[in-house]
Amino acid sequence: MSELRELYQDMILDHSQHPRNRGKLEKATHHADGFNPLCGDKVKIDLMVDNGTIKDIRFEGSGCAISTASVSLLTEAIKGKSEREIEILFGKFHDLVTGKNENSGESDNLGKLAVFQGVREFPMRVKCATLSWHTLLAALKNEKKVATTEK
Amino acid sequence: MLMPAKNPITSFDVRKVRKDFPALELLIRGKPLVYLDNGASTQKPSAVLEAMDDFYRSRYANVHRGVYELSEKATQSFEETRDKVKNFIHAGDRKEIIFVRGTTEGINLVAHSFARPRLQEGDEVLITAMEHHANIVPWQMICAEKKARLRVVPMDATGTLMVDHLDSYLTDKTRILCVAHVSNALGTINPLETIIHKAHRMGIPVLVDGAQAVPHLLVDMQELGCDFYVFSSHKMYGPTGIGIVYGKKELLEAMSPYQGGGDMISSVTFEKTTYNDLPYKFEAGTPAIAEAIGLGAAIDYLQAIGMESINSFENELLAHAREELNKIPKLKLIGEAFCRSSIFSFTIDGIHPHDIASILDREGIAVRAGHHCAQPVMDFFKIPATVRASLSFYNTREEIDALVRGIYKVLDIFG
Ligand SMILES: Cc1ncc(COP(=O)(O)O)c(C=O)c1O
Numbered sequence: 069m070s071e072l073r074e075l076y077q078d079m080i081l082d083h084s085q086h087p088r089n090r091g092k093l094e095k096a097t098h099h100a101d102g103f104n105p106l107c108g109d110k111v112k113i114d115l116m117v118d119n120g121t122i123k124d125i126r127f128e129g130s131g132c133a134i135s136t137a138s139v140s141l142l143t144e145a146i147k148g149k150s151e152r153e154i155e156i157l158f159g160k161f162h163d164l165v166t167g168k169n170e171n172s173g174e175s176d177n178l179g180k181l182a183v184f185q186g187v188r189e190f191p192m193r194v195k196c197a198t199l200s201w202h203t204l205l206a207a208l209k210n211e212k213k214v215a216t217t218e219k
Numbered sequence: 003m004l005m006p007a008k009n010p011i012t013s014f015d016v017r018k019v020r021k022d023f024p025a026l027e028l029l030i031r032g033k034p035l036v037y038l039d040n041g042a043s044t045q046k047p048s049a050v051l052e053a054m055d056d057f058y059r060s061r062y063a064n065v066h067r068g069v070y071e072l073s074e075k076a077t078q079s080f081e082e083t084r085d086k087v088k089n090f091i092h093a094g095d096r097k098e099i100i101f102v103r104g105t106t107e108g109i110n111l112v113a114h115s116f117a118r119p120r121l122q123e124g125d126e127v128l129i130t131a132m133e134h135h136a137n138i139v140p141w142q143m144i145c146a147e148k149k150a151r152l153r154v155v156p157m158d159a160t161g162t163l164m165v166d167h168l169d170s171y172l173t174d175k176t177r178i179l180c181v182a183h184v185s186n187a188l189g190t191i192n193p194l195e196t197i198i199h200k201a202h203r204m205g206i207p208v209l210v211d212g213a214q215a216v217p218h219l220l221v222d223m224q225e226l227g228c229d230f231y232v233f234s235s236h237k238m239y240g241p242t243g244i245g246i247v248y249g250k251k252e253l254l255e256a257m258s259p260y261q262g263g264g265d266m267i268s269s270v271t272f273e274k275t276t277y278n279d280l281p282y283k284f285e286a287g288t289p290a291i292a293e294a295i296g297l298g299a300a301i302d303y304l305q306a307i308g309m310e311s312i313n314s315f316e317n318e319l320l321a322h323a324r325e326e327l328n329k330i331p332k333l334k335l336i337g338e339a340f341c342r343s344s345i346f347s348f349t350i351d352g353i354h355p356h357d358i359a360s361i362l363d364r365e366g367i368a369v370r371a372g373h374h375c376a377q378p379v380m381d382f383f384k385i386p387a388t389v390r391a392s393l394s395f396y397n398t399r400e401e402i403d404a405l406v407r408g409i410y411k412v413l414d415i416f417g
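Those sequence lines, one after another, are chains A and B. So for the first sequence, the numbering used here puts the first residue at 69; every next one is plus one. So for the second sequence, the numbering used here puts the first residue at 3; every next one is plus one.
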């Protein structure tokens, strides 16, 4: 039960039930769709990028609590950041949810995103936590194709 | 086809039956496994494991090749399964039983060897709204190739096929009708007698996807009268890698082979090949020999228990499950067809199926969350996914109760 409580922390439940930055951006400069064929989770991300940094972000989509909370918290974490900074942040986040940084203290720099630490006990759910990040990176590259968690 | 049983069969002893399945003793993180994903695949009884093990250890050789004793005996055991399958589904002739890899390959075989040469531009292939992707995609592929049209018989909000409308879908352009016996996403049992009767009245052949029916119902080719019936061994307590296409002899005889190679020929020169007779014409290459022997053992096992006993015990379990689940607040059963098999899909308001399944998994309960390879069914109900529990005769009322307790845990965590 405690592993479950760690996975479904209050902040994750809150963001999954009341996601932030939901909707569309009228003046989006970048956009990407993400899809996890395994569970049918879908996410669409609109970005407004100016001078290499993210000015605004919105998302639409449906998914499980982990994927919805992930995209909601992501939208809060990346405003004002550059593509390079986002790639570094995703690297740390990925290590966190796959359990690669157990003792390195990296999660200290992740801010609120550290609540996803419980995912590492649930390998089948890593893709739920990372779909929004793959989609965000695809949007930044303005890739037209649908981003998926399958490499 | 069996309707829900009214009289519980008391001779059926689930405690005893469970001892036949080693996997049912597994612990998942210290908790007893509650295996409710039988629609995806079933666990295997010792009789199947032992039959395969014994074959590999002391009777193994290739089939249809050697004149030596070992090969002769292997061939005999392999071919015995064909007779067992024939008797199990009441086919008229052992030549009508073709070994394939599974339901998916079986449907592709019929699409390729039967439908494809008979389809012309503007013709129609008819499927239904509740098919598994395996009974959609092969038809889409040949329709695209032949510029034919794929049409879909609709279902209603209970997950029942709208058979009253079927006549308007059966036209003089329809070349084949393909329908699931039991829906893997909803558990609906389709009224095959009516469907086949209507199609045959128009001279339209019918393929039945029996993957979810054979493990639960008595199926009888003489009674059904369908033209093709396809199913997988691994969903009926047998090994993976083998399945069956039943086809009416006249149709199979008129069809060209699906794949070319050894075994399916009677003579080969570089100029010309003469195909072998049925059923070998459709069995190119070394078949899944040990798997066939395992399937034979699974059929013996099922017949020893009796499909009627299996069906009525599963119906009791299903009734108990539906009654208990209906009491859970915010839980919605998807698929309310009157005639149904022991599969149920559900959703819970505000909680994604994936989260439900993760939490149940921590309780040792294996259910499936997702679209169950039936995305059009999910789209129809406007949901991304469901949780699906699919029962076997080795499940118990206590396991259903464990599922219900697990669901209350989900509700608790999500507050
Ligand atoms: C109704 C139905 N048809 C076809 C299939 C495909 O069976 P297989 O994967 O054994 O080929 C399944 C199994 O998932 C099924 O439930």
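Think of the CB as a built atom: it goes at the ideal place given N, C-alpha and C, for glycine as much as any other residue. In this text the structure is predicted, and so the values were computed from the model without any measurement.
| Asked | Found |
| --- | --- |
| Do residue 104 of chain A and ligand 1 come close, with the Cβ less than 7 angstroms from some heavy atom? | no |
| Given a cut-off of 8 angstroms, decide if residue 240 of chain B and residue 81 of chain A are closer than it, judged by their beta-carbon atoms. | no |
| Does the contact criterion of 3 or more C-beta pairs under 8 angstroms hold for the region 59-66 of chain B versus the region 217-234 of chain B? | no |
| Beta carbons nearer than 8 angstroms to chain A: which residues of the region 213-246 of chain B have them? | none |
| Verify the CB distance criterion: does residue 133 of chain A have a CB-CB separation below 8 angstroms to chain B? | yes |
| For residue 177 of chain B, count neighbouring Cβ atoms within 10 angstroms of its own Cβ and tell me buried if that reaches 16, exposed if not. | buried |
| Where do the ends of the alpha helix (DSSP H) carrying residue 110 of chain A lie? | Segment 109-118 is the beta strand (DSSP E) holding residue 110 of chain A; no alpha helix (DSSP H) there. |
| Give me the Cα-Cα distance between residue 58 of chain B and residue 292 of chain B, rounded to the nearest whole angstrom. | 7 angstroms |
| Can you say whether residue 159 of chain B is buried or exposed, counting buried as having 16 or more other CB atoms within 10 angstroms of its CB? | exposed |
| Tell me, please, whether the CB atom of residue 346 of chain B is closer than 8 angstroms to any CB atom in chain A? | no |
| Any residues in the region 324-344 of chain B with a beta carbon nearer than 8 angstroms to a beta carbon of chain A? Which ones, in chain order? | none |
| Is residue 138 of chain B near residue 281 of chain B, with beta carbons less than 8 angstroms apart? | no |
| Does residue 418 of chain B come out as helix, strand or coil in the three-state DSSP assignment? | With chain B running from 3 to 417 in the structure shown, residue 418 of chain B is simply not present. |
| Would residue 134 of chain B pass as an interface residue toward chain A - the criterion being a Cβ-Cβ separation below 8 angstroms? | no |
| Would residue 244 of chain B pass as a contact of residue 235 of chain B if the rule is Cβ separation under 8 angstroms? | yes |
| Excluding sequence positions up to five away, which residues of its chain have a Cβ less than 6 angstroms from the Cβ of residue 90 of chain B? | 301 |
| At which residues does the beta strand (DSSP E) containing residue 77 of chain B begin and terminate? | Note, residue 77 of chain B: premise wrong, no beta strand (DSSP E); alpha helix (DSSP H) at 71-90. |
| Determine, using beta-carbon pairs with one atom in the region 348-361 of chain B and one in the region 13-21 of chain B, whether at least three such pairs fall under 8 angstroms. | no |
| Are the C-beta atoms of residue 392 of chain B and some chain A residue less than 8 angstroms apart? | no |
| Tell me whether residue 167 of chain B is buried or exposed, calling it buried when 16 or more other Cβ atoms sit within 10 Å of its Cβ. | exposed |
| Hey, could you find the ends of the alpha helix (DSSP H) residue 258 of chain B is sitting in? | Where residue 258 of chain B is concerned, there is no enclosing alpha helix (DSSP H), given that its DSSP letter is neither H nor E. |
| How is the beta strand (DSSP E) around residue 234 of chain B delimited, first residue to last? | 230-234 |
| With 9 angstroms as the limit, tell me which residues of the region 177-199 of chain A have their beta carbon closer than that to any beta carbon of chain B; keep them in chain order. | 190, 192, 193 and 196 |
| Just reading off the alpha helix (DSSP H) that residue 56 of chain A is part of, what are its end residues? | Chain A is shown only over 69 to 219; residue 56 of chain A falls outside these bounds and no answer can be derived. |
| Determine the DSSP secondary structure at residue 150 of chain A, reduced to helix, strand or coil. | strand |
| With contact counted as at least three CB pairs below 8 angstroms, one residue from each stretch, are the region 318-326 of chain B and the region 303-310 of chain B in contact? | no |
| Around the C-beta of residue 214 of chain B, are 16 or more other C-beta atoms found within 10 angstroms, so that it is buried, or is it exposed? | buried |
| Expressed to the nearest angstrom, what Euclidean distance is found between the alpha-carbon atoms of residue 171 of chain B and residue 204 of chain B? | 11 angstroms |
| For residue 197 of chain A, which residues from the same chain have a beta carbon less than 6 angstroms from its beta carbon, with the 5 sequence-adjacent residues on both sides left out? | 134, 138, 165, 184 and 187 |
| Would you say the beta carbon of residue 344 of chain B comes nearer than 7 angstroms to a heavy atom of ligand 1? | no |
| Under three-state DSSP, which class holds residue 339 of chain B? | coil |
| Return the chain-ordered ranges of every beta strand (DSSP E) run that is complete within the region 371-410 of chain B and spans a minimum of 3 residues. | 388-392 |
| Please list the terminal residues of the continuous beta strand (DSSP E) segment that includes residue 275 of chain B. | 275-277 |
| Along chain A, which residues have their Cβ under 7 angstroms away from the Cβ of residue 415 of chain B? | 72 and 76 |
| Under a Cβ-count criterion, where at least 16 other Cβ atoms within 10 Å of its own Cβ denotes burial, should residue 274 of chain B be classed as buried or exposed? | exposed |
| If we call anything under 8 angstroms between Cβ atoms a contact, is residue 391 of chain B one with residue 412 of chain B? | no |
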